[in-house]
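For reference, the structure is listed below as C-alpha cells.
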Amino acid sequence: QVQLVESGGGLVQPGGSLRLSCAASGSIFSINVMAWYRQAPGKQRDLVAAISSASTNYADSVKGRFTISRDNAKNTVYLQMKSLKPEDTAVYYCNVETYTGRAYWGQGTQVTVSS
863 QVQLVESGGG LVQPGGSLRL SCAASGSIFS INVMAWYRQA PGKQRDLVAA ISSASTNYAD
923 SVKGRFTISR DNAKNTVYLQ MKSLKPEDTA VYYCNVETYT GRAYWGQGTQ VTVSS
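Right, dumping it as C-alpha cells:
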C-alpha cells in the first residue's frame, strides 16, 4: 500500500505561480511513476505531468509552464506551476503507479486561478 498526502493548492491570480507537493509513504520501494492529474468541474480527469526514472511527460496545455520533479530522498513529487491561466482551475490529484501496475491516488487539492 502507498499513501499520498498532497499540499500547496489555493487561489492565485492569472499569471501567478503555485507549487504542489505530494508526499508518499508506505510501500515506496514499489513506486515506478509519479504523476499529477487534474479534473475540472464536469470534465474528465486528465494527465498533467508524469515522471519516472527514465523520463518526464507533460500535457500539451502545460508544456513550458509547469515543471514536475521528484525528490526520492523525501519520497515527494512536486508540480511547479507558472503563468497560471483560469483554465488551469481544477482539483489536482497526485498519482503513483507501482512496478506491478497498481495505482494509488491522493485526496486532491483545489487550484483556482481567478482575479
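Numbering (my numbering), first residue to last: 863 to 977.
In this text, a Cβ means the ideal position worked out from N, Cα and C, and glycines have one as well.
Only a predicted model underlies this, so the values are computations on that prediction, with no experimental measurement involved.
- Residue 929 and residue 959 have their C-alpha atoms roughly 19 angstroms apart.
- A distance below 7 angstroms separates the beta carbons of residue 895 and residue 914.
- With fewer than 16 neighbouring CB atoms inside 10 Å of its own CB, residue 935 falls in the exposed class.
- Between the segment 912-926 and the segment 963-975, the count of Cβ pairs shorter than 8 angstroms is below three; the stretches do not touch.
- For residue 915, the three-state secondary structure derived from DSSP is coil.
- By the criterion of a C-beta distance shorter than 6 angstroms, residue 871 is surrounded in its chain by 971, 972 and 973, once the five residues flanking it on both sides are discounted.
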